[in-house]
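J.: One structure coming up, written as structure tokens, with questions to follow.
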Amino acid sequence: MRAVVAVLLLVTAAHAALWGLFQEKQSAPDFRGTLPSLSYAPFEPGHTVVDPAADTEKVRADLKKLSTLTRAVRLYSSTEGNELVAPIAAEFGMKVTVGAWVDKDANRNNREIEAAINLAKRNSNVIGIVVGNETVFRGEQIPLENLGSVPESGISPEESERILREEAQRIRDAEAQPEDKRAEATKWAIAENNVHRLIKLIQRVKKSVNVPVTTGEIWNIWRDHPQLANSADFIAAHVLPYWENFTDRQAVDQAVDRFNLLRDSFPGKRILIAEFGWPSQGYNLRSAEPGPFQQASVLRNFVARAEAIGMDYNIVESIDQPWKFFEGGVGPYWGILNADREAKFAWTGPITDPNYWKIALVAVLVGLFMSLPILRLDSPTLMQALLLSAAANGVGAWVATVFSYWTTHYFVWGSAFALSLGLVLLVPLVLIAMARIEEIAAVAFGRGPRRLIRKSASLAPATIGENVSFPKVSIHIPAYYEPVEMLKQTLDAVSRLDYPNFECICIINNTPDPEFWRPIQDHCRLLGERFKFINAEKVQGFKAGALRIAMDRTAADAEIIGIIDADYVVHPDWLKDLVPAFADPRVGLVQAPQEHRDGDRSLMHYIMNGEYAGFFDIGMVQRNEFNAIIVHGTMCLIRRAAMDKAGGWSSDTICEDTDLGLTIQQQGWLTHYTNVRYGEGLLPDTYEAFKKQRHRWAYGGFQIVKKHWRRFLPGGSRLTPDQRREFSLGWLNWLGAESLGVVVAILNLIWVPIVAFADIAIPDKILTLPIIASFIVSLVHFVALYRLRVKIKAGQMLGAMIAAMSVQWTVSRAVAQGLITEHLAFARTSKGGLSRMSIEFQAFWEAVIGVLLLIGAAVLVASNGFKQVREIYIFAAVLVLQSLPFLAAVAIAILENSRINEFAFWRNSAIRTAELIGLRPVSLPSVAAQSQPVGSEMRRDG
């Protein structure tokens, strides 16, 4: 154990060292001065000043903080609380550039203009007015009534008519352009019309104030409409390299280049870079990557360059604005202070993450905490401990990433709900992945099975035990409309058992047709007095009800009850090999695996058989180590005393066998398992039957969860902690994983239009990447354990994987029905070739959901062609992965009805291929003697 502790500490130390190794540090020019100007928005748009005192104090606190960083602030509005800024800024010796918001609302525009004019007149620290912000770029057409010098009267009808006539002429001129230039010309004409209206608005303001007046526009608007520059007192150009797809390393060069371009285009004009910045969070825009390091580096390099060349600039922005969620993922994150008014980075020294080691500590502590259960394992190997501890620390790193994301991002109600829901769904997904990694570690690196009953040398019954005791076994075979010849084979196999002391009770229930029961009755008489036949009609409780009747007819001296299905052909040594396990009085049950003798019927049956084998060679073997096997109702031996103590067969679930087995374990009995095949049954006839059987198992399993969950509470039963863990994780790993997969797939489908059309991306590190990681873990789990434990070929293993995935929708439906119903009718699994294939397509809903997921992925990729947001591509990949279980069902449903399902097709294809490539001589038909012509071929003369 000390070696295991050393491994845990070693992995923890390595985890901490990795955090140290990957700690990012960047260098950038130091800045120790004061910034010339910062954009500042004290309130959200639409704010109403209800409590002037509170709003004033908020603005005063903000400006006190900002006065240590900048000499001036730029506003974007002059109403809704912004009118408080200028007089308070004067208290701290700060200048203010007033803004007047302009859009299509004429009344609001007039209020904004008048408020800006009044602020400039009443506050000597107002150094300029910016009329409108990206008004032309946004395509906002300023109403004509805003263009007059007197707001109440607007402009004269003649002036209005002249403006409209000029605008119409520009549009006509654009439409007269050649077709290849028409769209661009029309776009320019519309912008030019807006520019002329904006010029009139600027002129209106200039007449009323003595401070410089301009408008704020993207740099190319100034370049393409020089008359706008001529009408403004100075050029207030916005240069935002992120939105132009420049990398953070290119951003400063791009800004300087645009500054020089405007300076050369308008010599003698004052050029102000009125907006420059870089977001600290959000998603990439092609090559532009937001991030805290990128923001710090870009701004420090920009300020150094701007100061060196004498550039006049304003940084956007001072404080993060969480309400700007409509500006894509980056909108809230342009501030140099976060929403709590804390600095995001230092302006001197190396650029580092001040919270890095806090996040690292969370990761290491969570990883260490999740590694502690390894110490409870029974003699784990060093490699087993190493893999489990590494996985635990990986989860710790994910938890730390979630913590970091939560503390560095802002959420509106909808995004917070979506993220919280996603994380809630990911918790069981992570637990499932960890359980699968634990199973990989146990099988690949752990010690071999120690409780497994293995087949020893063949012994005659008389040599078993020193006292030669053969407890009587009563074998029960329930049947319901079973094929006669199949059931006869089962009875014949029982008659050949190499065991001296047994009886067999065959009970046919609710099968009034004598063609099904009378031949079996006659066959039991033929086999002798050991075989009892019961034909029970109107039996309540399905299979459990029939087995209760069989128990009533069981010999009084029978100590062990054996259960086999009506299709099972048992081997002669079944009882001889397994009954001795009951020599231990603590043993209540011994289970042998299922096997099937018709796996070569078709390709579909071949892969079904491989899928069943995984459960019996992997899951059951591992659960047996903890005395926590799942009992299935065939090839099962139960001590009669244990069955009686457990209350016998119960009809309140449709998986009576598993229900009884769990009850026996809850009472403290030992159970044993062997992976030796002691008999073979038949596979479901059709894919429909396969799905119905899985639906019954899943629904019955959920019934058992609802029935027994209280017994898993402390003191609720005699289950050991290991048994509780195995059953809980088993249910979660099967019922939970399949249901969770469907729920997450459907939620992601609902999320597709939001991601594609509302500029909201999924955070890759904490939601989408764990789904991909979980899929990879499941894939490795399946392949690794099959290769290590299941003796089948690689092709059959691949088919088994497809078959296992194909029932995800079926299991999730069963769980959903279990949530809303108490009981469903028992559905017999059709075997023996009597059932007919349904004319309905057996994977209709799977096809619908699978195709919708693929369409969703295609929509995401197509809509992301311009922005190329990495998170959206990852989300699309997740949708493709989530479609695979649904498409697997479609593939098997199609396979079942196709020629390629028949092995004869593959044999003939192999022969034909060999003939075509010359590896096998072509078989030519023998030449027959020339036949006599038929009447229609005889030549007729004349």
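Residue numbers for the sequence shown follow the numbering used here, so the first one is 1430 and each next one is one higher.
Just so you know, even glycine gets a beta-carbon here, dropped at the ideal spot from N, CA and C.
So if DSSP puts Asn1562 in a beta bridge, which residue, or which two residues, is it bridged to?
T.: Residue 1562 sits at position 133 when you count from the first residue of the sequence shown. DSSP lists Gly1645 as the bridge partner or partners of Asn1562.
J.: Report the residue from Thr1477, Phe1960, Ile1906 whose alpha carbon sits nearest the alpha carbon of Ala1973.
T.: The count along the sequence shown starts at 1 and reaches residue 1973 at position 544. Among Thr1477, Phe1960, Ile1906, the Cα nearest to that of Ala1973 belongs to Ile1906.
J.: Comparing the CB of Gln2271 with every heavy atom of the ligand HEM, is any distance shorter than 8 Å?
T.: The model depicted lacks the ligand HEM and carries no ligand whatsoever.
J.: Between Asn1930 and the rest of its own chain, which residues show a CB-CB distance below 8 Å, the 5 nearest in sequence each way excluded?
T.: Your numbering for residue 1930 matches position 501 in the sequence shown. Around Asn1930: Phe1899, Pro1900, Lys1901, Val1902.
J.: Indicate the three-state DSSP secondary structure (helix, strand or coil) for Ile1780 in the structure shown.
T.: The residue labelled residue 1780 in the question sits at position 351 within the sequence shown. Three-state DSSP puts Ile1780 in a strand.
J.: Please look up how many angstroms separate the CB atoms of Thr2197 and Phe2304, rounded, as I've assumed it's under 8 Å.
T.: Translated into positions along the sequence shown, residue 2197 becomes position 768. Translated into positions along the sequence shown, residue 2304 becomes position 875. Sure, about 5 Å apart at Cβ, within 8 Å.
J.: Please report how far the alpha carbon of Glu1932 lies from the alpha carbon of Lys2135, in whole angstroms.
T.: Your numbering for residue 1932 matches position 503 in the sequence shown. Your numbering for residue 2135 matches position 706 in the sequence shown. If you take the alpha carbons of Glu1932 and Lys2135, they lie about 36 Å apart.
J.: Using C-beta distances below 8 Å, list every residue in its chain close to Leu2310, excluding the 5 sequence neighbours before and after it, in chain order.
T.: Counting from one through the sequence shown, the residue named residue 2310 turns up at place 881. Taken in chain order, the residues that qualify are Ile2200, Ile2201, Phe2204.
J.: Run through DSSP, which three-state label would Pro2150 get?
T.: For the purposes of this step, residue 2150 is taken as residue 721 along the sequence shown, with counting starting at 1. If DSSP states are grouped into helix, strand and coil, Pro2150 belongs with the helices.
J.: When the Cα of Met1863 is compared with those of Phe1840, Phe1874, Val1828, Ala1821, which residue comes out closest?
T.: Counting from one through the sequence shown, the residue named residue 1863 turns up at place 434. If we check each option's Cα against that of Met1863, Ala1821 comes out closest.
J.: Which two residues bound the contiguous alpha helix (DSSP H) that contains Asn2053?
T.: Translated into the one-based positions of the sequence shown, residue 2053 becomes position 624. First-last of the alpha helix (DSSP H) with Asn2053: 2049 to 2053.
J.: According to DSSP, simplified to helix, strand and coil, what is Asp1534?
T.: As a first step, residue 1534 is located in the sequence shown; it is residue number 105 there, counting from the start. The answer is coil: DSSP assigns Asp1534 none of H, G, I, E or B.
J.: Smallest Cα separation from Thr1810: which of Leu1852, His1625, Lys1787, Ala1870?
T.: By one-based count along the sequence shown, residue 1810 stands at place 381. Nearest C-alpha to Thr1810: Ala1870.
J.: Suppose the cutoff is 6 Å on Cβ atoms and the five residues either side in sequence are ignored; what does the same chain contact list for Ala1445 look like?
T.: As a first step, residue 1445 must be located in the sequence shown, where it is residue number 16. Excluding residues within five positions, the ones whose Cβ falls inside 6 Å are Val1793.
J.: Which stretch, first to last residue, makes up the beta strand (DSSP E) that contains Ala1985?
T.: If you number the sequence shown from 1, residue 1985 lands on position 556. Where Ala1985 is concerned, there is no enclosing beta strand (DSSP E), given that its DSSP letter is neither H nor E.
J.: Give me the Cα-Cα distance between Lys1533 and Ala1735, rounded to the nearest whole angstrom.
T.: What you label residue 1533 is simply residue 104 of the sequence shown in a count that begins at 1. What you label residue 1735 is simply residue 306 of the sequence shown in a count that begins at 1. Lys1533 and Ala1735: Cα-Cα distance of roughly 36 Å.
J.: Note down the Cα distance separating Ile2340 from Glu2331, rounded to an integer number of angstroms.
T.: Position 911 of the sequence shown holds residue 2340. Position 902 of the sequence shown holds residue 2331. Taking the straight line joining both Cα atoms gives about 15 Å.
J.: According to DSSP, Tyr2102 sits in a beta bridge with which residue or residues?
T.: Position 673 of the sequence shown holds residue 2102. Tyr2102 is bridged to Gln2020.
J.: Whole angstroms are fine: how far does the CA of Leu1690 sit from the CA of Val1745?
T.: Within the sequence shown, the letter at position 316 stands for residue 1745. Within the sequence shown, the letter at position 261 stands for residue 1690. Looking at the two C-alpha atoms, the distance is approximately 21 Å.
J.: CA-CA distance, Phe2119 and Leu1816?
T.: Here residue 2119 corresponds to residue number 690 of the sequence shown, with the count starting at 1. Here residue 1816 corresponds to residue number 387 of the sequence shown, with the count starting at 1. Phe2119 and Leu1816: Cα-Cα distance of roughly 36 Å.
J.: Would you call the CB atoms of Val1642 and Ile1556 closer than 9 Å?
T.: Taking the sequence shown and counting its residues from 1, the one referred to as residue 1642 is at position 213. Taking the sequence shown and counting its residues from 1, the one referred to as residue 1556 is at position 127. For Val1642 and Ile1556, no; Cβs fall outside 9 Å.
J.: In the DSSP assignment, what are the bridge partners of Lys2222?
T.: Counting from one through the sequence shown, the residue named residue 2222 turns up at place 793. Paired residue(s): none; Lys2222 is not in a bridge.
J.: How about Asp1927 and Asp2002: are their beta carbons less than 9 Å apart?
T.: Numbered from 1 along the sequence shown, position 498 holds the residue referred to as residue 1927. Numbered from 1 along the sequence shown, position 573 holds the residue referred to as residue 2002. The answer is yes: Cβ separation under 9 Å.
J.: Confirm, please, whether the CB-CB distance from Val1560 to Met1526 is below 9 Å.
T.: By 1-based counting over the sequence shown, the position of residue 1526 is 97. By 1-based counting over the sequence shown, the position of residue 1560 is 131. Checking the sequence, you will find Thr at residue 1526 rather than Met. For the 9 Å CB-CB criterion, Thr1526 and Val1560 do not form a contact.
J.: Which whole-angstrom value describes the C-beta separation of Thr1615 and Leu1627, a residue pair presumed to lie in contact below a C-beta threshold of 8 Å?
T.: Looking up residue 1615 in the sequence shown gives position 186. Looking up residue 1627 in the sequence shown gives position 198. Between Thr1615 and Leu1627 the beta-carbon gap is near 19 Å, outside 8 Å, which marks them as no contact.
J.: Taking just the CA atoms, how far does Leu2158 sit from Val1731?
T.: As a working mapping, residue 1731 is identified with position 302 in the sequence shown. As a working mapping, residue 2158 is identified with position 729 in the sequence shown. The amino acid at residue 1731 is misidentified as Val; the sequence shows Phe. Between Phe1731 and Leu2158, the C-alpha separation is close to 55 Å.
J.: How close, in whole Å, do the beta carbons of Glu2325 and Thr2115 come, if the pair is a contact with beta carbons under 8 Å?
T.: Within the sequence shown, the letter at position 896 stands for residue 2325. Within the sequence shown, the letter at position 686 stands for residue 2115. Confirmed, Cβ separation roughly 7 Å.
J.: So Leu1504 and Asn1743 are supposed to be a Cβ contact under 8 Å. How far apart are they, rounded?
T.: Here residue 1504 refers to the residue found at position 75 when the sequence shown is read from its first residue. Here residue 1743 refers to the residue found at position 314 when the sequence shown is read from its first residue. The Cβ separation is near 11 Å, so there is no contact.
J.: Please state if the CB of Ile2195 and the CB of Trp1786 are separated by a distance shorter than 9 Å.
T.: Translated into the one-based positions of the sequence shown, residue 1786 becomes position 357. Translated into the one-based positions of the sequence shown, residue 2195 becomes position 766. For Trp1786 and Ile2195, no; Cβs fall outside 9 Å.
J.: Would you call the stretch 2242 to 2250 in contact with the stretch 2287 to 2299, where contact means no fewer than 3 C-beta pairs closer than 8 Å?
T.: Because the criterion of three Cβ pairs below 8 Å is not met, the stretch 2242 to 2250 and the stretch 2287 to 2299 do not touch.
J.: Quick check on the burial criterion: 16 or more other C-beta atoms within 10 angstroms. Buried or exposed for Pro1941?
T.: Here residue 1941 is taken as the residue at index 512 of the sequence shown, counted from 1. Exposed: under 16 other Cβ atoms inside 10 Å.
J.: The alpha helix (DSSP H) with Phe2131 in it runs from where to where?
T.: For the purposes of this step, residue 2131 is identified with residue 702 of the sequence shown, where counting begins at 1. First-last of the alpha helix (DSSP H) with Phe2131: 2116 to 2137.
J.: When the Cα atoms are used, what is the spatial distance from Ala1457 to Gly2294?
T.: Working through the sequence shown from its first residue, we reach residue 1457 at position 28. Working through the sequence shown from its first residue, we reach residue 2294 at position 865. Straight-line Cα distance between these residues: approximately 33 Å.
J.: If you measure between the beta carbons of Glu2040 and Gly2108, is that distance less than 9 Å?
T.: Position 611 of the sequence shown, counted from the start, is the residue given in the question as residue 2040. Position 679 of the sequence shown, counted from the start, is the residue given in the question as residue 2108. Their beta carbons are not under 9 Å apart, which means Glu2040 does not touch Gly2108 by this criterion.
J.: Which residue's Cα is closest to the Cα of Pro1779: Phe1722, Leu1766, Ala1768?
T.: Here the question's residue 1779 lines up with position 350 in the sequence shown. Of the listed residues, the one whose Cα sits closest to Pro1779 is Phe1722.
J.: Skipping 5 residues on each side, what residues in its chain have a beta carbon closer than 6 Å to that of Ala1545?
T.: The residue you call residue 1545 lines up with position 116 of the sequence shown. The answer, listed in chain order, is Ser1507, Val1527, Ala1529, Ile1558.
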